[in-house]
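Visitor:
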Amino acid sequence: MVKLLMIADDFTGALDAGIQFAKRGIDTQIFTGKELRKKDISDTAQVLVVDSETRPLSGGEAYQIVRKITENGVELDIPVILKKTDSALRGNVGAELEAVMDAAGEDKIYFIPAFPDINRITEKGIHYIDGELLEDSAFGRDPFEPVRHSYIPELLAVQSGSRISSVGIEDEFPKGPTGEKTIYVFDAGKKEEIVRRVEEIAANDRLRLIAGCAGLAECLFPVLGLKESKGEGIQRQKGLYVACGSLNPITKAQVEEAALKGCVRINLSAQQKLSEAYYSSAEGIEFLGKLSEACKKHQVVIVDTFDDSEGTEANQYAKEHGIQKKELRYRISGCHGRIVRYLLEHGMQHTVMMTGGDTLMGFMKEIQCTQLYPICEIEKGVVLSRLEWEGKKIQIISKSGGFGCKNVIMKIADKVIERDSEI
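Residue 1 is where the sequence shown starts when you use the working numbering, and the numbers rise one by one after that.
In structure tokens form, the structure reads like this:
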């Protein structure tokens, strides 16, 4: 019986949330697409996660998609619905929280945005990343989704017409009627503070609609009555191939660190990452062949799409070819999808690591796969999953661009590459 539906706005977010249950052996299914159908749900599934892919959309578009998915969950009588939000509050958070309330016919949703385990906390309604105000962090400078507000009620008010109430650490749990739709935003600076609030929500029979990031999902397990079983583990393979589509400076530092440690790093040119025709050309096919050979010779190969220091090459190419800024992210994820498909078709035996939700989605679209099964979390915010394609089980690692320590690629390589070779 399905007891929890989580709706995420990108693929890595869906995996970050789903893995909190899958790592305990709880049957967890992750779907892509804009609706949830009963015929696609496993008989043993207890947790469902739907990736709505709404982060880059307008607030109005995101509202409609999330409302439809929530309506599907209501029709399936799923008792608890969690709107999974980004831990850096990117995307259409306010619009999507409102969509969940409207679809479920509820006037309250309880939002706990903090993730203390990775130093993302909320204090007096203000969100901090590693001690910095959210708007001053790397997420405030995101090239696609810069976050302009650190004060969460202010951020939500831009996207939602609901009443927004900030609840401090020492404040009592809000119990009374408000007479209007209300988003309660809870402070939290420690994991135990999230646990306490979850217990209060459950004790007051208000677990129906909740919202938060993977930090909240992790704390839900004790109150849902889920059945644990022994899960799968990591399968060591010949090497690690990293498809780096994230432009986050945190990921860039991780790639540079791995290159300093001797990993092969290939930075794609503007044409290679933005031209949809390149990989069908003679030049593109030759490049793919050389990359395939590199994977046979080297254990860790990284292909990234970072711009030059000024970003002039990519900007000039986009201008010359009439590519709009909003298209760039899809061109980049599409090129990674085509590259990885070619490598797998030509015998690559590496685990595939993808940074950025768009990157993984680009690959899923390329191979027309709509379901993924999370297996375990090999680093905080780094999820290992498996998917089936053309009779083969493919081991995939996903990492959100803003997650991980500086040497995370080397740490992952050490865990997934066969032990008979040193990293």
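Don't be surprised by glycine CBs; every beta carbon is placed ideally from N, CA and C.
In this text the structure is predicted, and so the values were computed from the model without any measurement.
Taking only three categories from DSSP, how would you classify ASN433?
Guide: Any property of residue 433 remains undetermined from this structure, which presents the chain solely from 1 to 423.
Visitor: Over what stretch of residues does the alpha helix (DSSP H) that includes ILE396 continue unbroken?
Guide: Not the alpha helix (DSSP H): ILE396 falls in the beta strand (DSSP E), residues 392-399.
Visitor: According to DSSP, simplified to helix, strand and coil, what is ARG120?
Guide: In the structure shown, ARG120 sits in a strand (DSSP, three-state: E or B).
Visitor: Going by C-alpha to C-alpha distance, which of PRO143, ARG90, THR359 sits closest to HIS127?
Guide: Here the closest residue by C-alpha is ARG90.
Visitor: Per DSSP, what kind of secondary structure is GLY212 in: helix, strand or coil?
Guide: Residue state, collapsed to three classes: strand.
Visitor: Give the range of the alpha helix (DSSP H) segment to which ALA203 is assigned.
Guide: Unbroken alpha helix (DSSP H) run through ALA203: 191-203.
Visitor: Which residues mark the beginning and the end of the beta strand (DSSP E) in which VAL352 is found?
Guide: Counting along the chain, the beta strand (DSSP E) containing VAL352 begins and ends at 350-355.
Visitor: Between ILE112, VAL93, GLY168, which lies nearest to ARG148 when the distance is taken from Cα to Cα?
Guide: Among ILE112, VAL93, GLY168, the Cα nearest to that of ARG148 is on VAL93.
Visitor: So, ILE367 versus LEU384, is the Cβ gap smaller than 8 Å?
Guide: Cβ atoms of ILE367 and LEU384: not closer than 8 Å.
Visitor: Once the 5 residues before and after THR305 are set aside, which same chain residues still bring their CB inside 8 Å of it?
Guide: Closer than 8 Å at Cβ, skipping near neighbours: CYS244, GLY245, LEU247, ASN267, LEU268, LYS273, ILE332, CYS335, HIS336.
Visitor: Can you give, in chain order, each stretch of the beta strand (DSSP E) that sits fully within the stretch 140-192 and has at least 3 residues?
Guide: Within the stretch 140-192, the complete beta strand (DSSP E) runs of at least 3 residues are 163-167, 182-186.
Visitor: Measure the CB-CB distance between VAL76 and VAL2 and report whether it falls below 8 Å.
Guide: Checking the displayed sequence, the identity of residue 76 turns out to be Leu instead of Val. Taking 8 Å as the Cβ cut-off, LEU76 and VAL2 qualify as a contacting pair.
Visitor: Going by DSSP, what residue range makes up the alpha helix (DSSP H) through TYR241?
Guide: First-last for TYR241: 239-244, but that is the beta strand (DSSP E), not the alpha helix (DSSP H).
Visitor: Using C-beta distances below 7 Å, list every residue in its chain close to ALA294, excluding the 5 sequence neighbours before and after it, in chain order.
Guide: Taken in chain order, the residues that qualify are VAL264, VAL301.
Visitor: For the candidate residues ASP358, GLU286, CYS219, whose alpha-carbon lies nearest to that of GLY457?
Guide: This structure gives no information on residue 457, because the portion of the chain shown stretches from 1 to 423.
Visitor: Quick one: Cα of LYS238 to Cα of ILE409, how far?
Guide: The alpha-carbon atoms of LYS238 and ILE409 are separated by roughly 15 Å.
Visitor: Return the CA-CA distance between ARG236 and ARG163, expressed in angstroms with no decimal places.
Guide: Each residue's alpha carbon lies about 50 Å from the other.
Visitor: On the criterion of 16 or more Cβ atoms from any shown chain inside 10 Å, does GLU283 qualify as buried, or is it exposed?
Guide: Label assigned to GLU283: exposed.
Visitor: Let's test the definition: count the other Cβ atoms within 10 Å of the Cβ of ALA95 and tell me whether it reaches 16, buried, or not, exposed.
Guide: ALA95 is buried by the Cβ-count criterion.
Visitor: Answer yes if the stretch 213-227 comes into contact with the stretch 368-376, meaning at least three C-beta pairs across the two stretches below 8 Å, and no otherwise.
Guide: These segments do not touch.
Visitor: Is ASP107 closer than 8 Å to THR12 when the C-beta atoms are compared?
Guide: Not closer than 8 Å, so no.
Visitor: Could you give the DSSP three-state label for VAL408: helix, strand or coil?
Guide: In the structure shown, VAL408 sits in a helix (DSSP, three-state: H, G or I).
Visitor: Touch check for the stretch 181-196 and the stretch 54-65: three-plus C-beta pairs under 8 Å?
Guide: With the cut-off at 8 Å, the stretch 181-196 and the stretch 54-65 do not touch.
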